[in-house]
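Visitor: The structure is given below, and queries will be raised subsequently.
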Amino acid sequence: MTQAGHIYLIDDDESMRTSLCRMLREVGYIVEDFSSAFTFLEHSLPVSPAVILLDMQMPDMTGLDLQEKLLQLGRKTPIVFISGQSHPHQIVKSLKKGAIDFLFKPFNLEDLLKTVAEALELDRRQLMRISKEVETKKCYAMLTPREKEVCFWLVKGLLNKDIAVKLGTTDATIKVHKARVMEKMHAESVQTLVVKYLESELENLQNH
Numbered sequence: 004m005t006q007a008g009h010i011y012l013i014d015d016d017e018s019m020r021t022s023l024c025r026m027l028r029e030v031g032y033i034v035e036d037f038s039s040a041f042t043f044l045e046h047s048l049p050v051s052p053a054v055i056l057l058d059m060q061m062p063d064m065t066g067l068d069l070q071e072k073l074l075q076l077g078r079k080t081p082i083v084f085i086s087g088q089s090h091p092h093q094i095v096k097s098l099k100k101g102a103i104d105f106l107f108k109p110f111n112l113e114d115l116l117k118t119v120a121e122a123l124e125l126d127r128r129q130l131m132r133i134s135k136e137v138e139t140k141k142c143y144a145m146l147t148p149r150e151k152e153v154c155f156w157l158v159k160g161l162l163n164k165d166i167a168v169k170l171g172t173t174d175a176t177i178k179v180h181k182a183r184v185m186e187k188m189h190a191e192s193v194q195t196l197v198v199k200y201l202e203s204e205l206e207n208l209q210n211h
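Using our numbering, the letters of the sequence shown map in sequence onto residues 4 to 211.
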């Protein structure tokens, strides 16, 4: 049975990489392994859902350095740290910066598989959220400037007649604009429109 998920394994310990690759592939994951953070940055392509299994202590670039670099690059693949020995401040720092978990070597396979499954599920949800956001922004881009204004005031909770006053037009005109906004934004209610608007941070796109 093939698990839906991609694992990037980054560890400078060759025997560790070999055994982990074998175990993870046996349960059906697609595994790409890298001996250093640099080779990962050079050769890996972002796919989703995925998880990065990352050794903390590596000679060329530590796991924390790579985590920092990925944040700068905007790569949001969940990270699970694996480590022989780490200072408490490294663990705290990595978790603060969004690492999913920290496993100490030697860890048992069951713990690893549980953490990997959780990280992949998180990445899957992240991907769905981003897809929805892209879709909403595409719909929003189809609104006319006036419809965007009406959308903005609807989200703020104003009624048609109040929006009409704000925009210096009639109630009937706003009603037409509102119907078009709802249709183009695929929103069956104002509540749905508000959720889409806020989740996709459309206010940042609104020119005021």
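For glycine and all other residues, C-beta sits at the position ideal for the given N, C-alpha and C. Computed from a prediction, not measured in an experiment: that's the story for all the values here.
1. Have a look at LEU73 and TYR11 and give me their C-alpha separation to the nearest angstrom.
2. Count the other C-beta atoms from every protein chain shown that fall within 10 angstroms of the C-beta of MET131, then say buried if there are 16 or more, exposed otherwise.
3. How big is the Cα-Cα spacing for LEU69 and ALA40?
4. Does DSSP classify GLU204 as helix, strand or coil?
5. Once the 5 residues before and after THR173 are set aside, which same chain residues still bring their CB inside 8 Å of it?
6. Can you find the residues in the same chain that come closer than 7 Å, C-beta to C-beta, to ALA190, ignoring five residues on each side of it along the sequence?
7. Which residue from GLU202, GLU204, ILE33, VAL54 puts its Cα closest to that of LEU215?
8. Could you please give me the residues that DSSP links to GLU35 through a beta bridge?
9. Compute the Euclidean distance between the alpha carbons of LEU157 and HIS180, then round it to the nearest angstrom.
10. What residue from PHE37, SER51, GLU186 has the CA that sits closest to MET19's CA?
11. Going along the chain, which residues of its own chain have a beta-carbon closer than 7 Å to the beta-carbon of PHE107, five neighbours each way excluded?
Guide: Quick look at the numbers:
1. Taking the sequence shown and counting its residues from 1, one reaches residue 73 at position 70. Taking the sequence shown and counting its residues from 1, one reaches residue 11 at position 8. Each residue's Cα considered, the two are about 13 Å apart.
2. Sequence index remark: in the sequence shown, residue 131 carries index 128 (1-based). Exposed: under 16 other Cβ atoms inside 10 Å.
3. The residue labelled residue 69 in the question sits at position 66 within the sequence shown. The residue labelled residue 40 in the question sits at position 37 within the sequence shown. Taking C-alpha positions only, LEU69 is separated from ALA40 by approximately 6 Å.
4. Counting from 1 along the sequence shown, the entry for residue 204 is found at position 201. When DSSP states are grouped into helix, strand and coil, GLU204 belongs to the coil group.
5. As a working mapping, residue 173 is identified with position 170 in the sequence shown. ALA167, listed in sequence order.
6. Position 187 of the sequence shown holds residue 190. The residues are LEU196, LYS199.
7. The question about residue 215 has no answer, for the chain in this structure spans 4 to 211.
8. By 1-based counting over the sequence shown, the position of residue 35 is 32. Per DSSP, TYR11.
9. Sequence index remark: in the sequence shown, residue 157 carries index 154 (1-based). Sequence index remark: in the sequence shown, residue 180 carries index 177 (1-based). Approximately 11 Å between the Cα atoms of the pair.
10. For the purposes of this step, residue 19 is identified with residue 16 of the sequence shown, where counting begins at 1. Among PHE37, SER51, GLU186, the Cα nearest to that of MET19 is on PHE37.
11. For the purposes of this step, residue 107 is identified with residue 104 of the sequence shown, where counting begins at 1. Answer for PHE107: SER86, listed in chain order.
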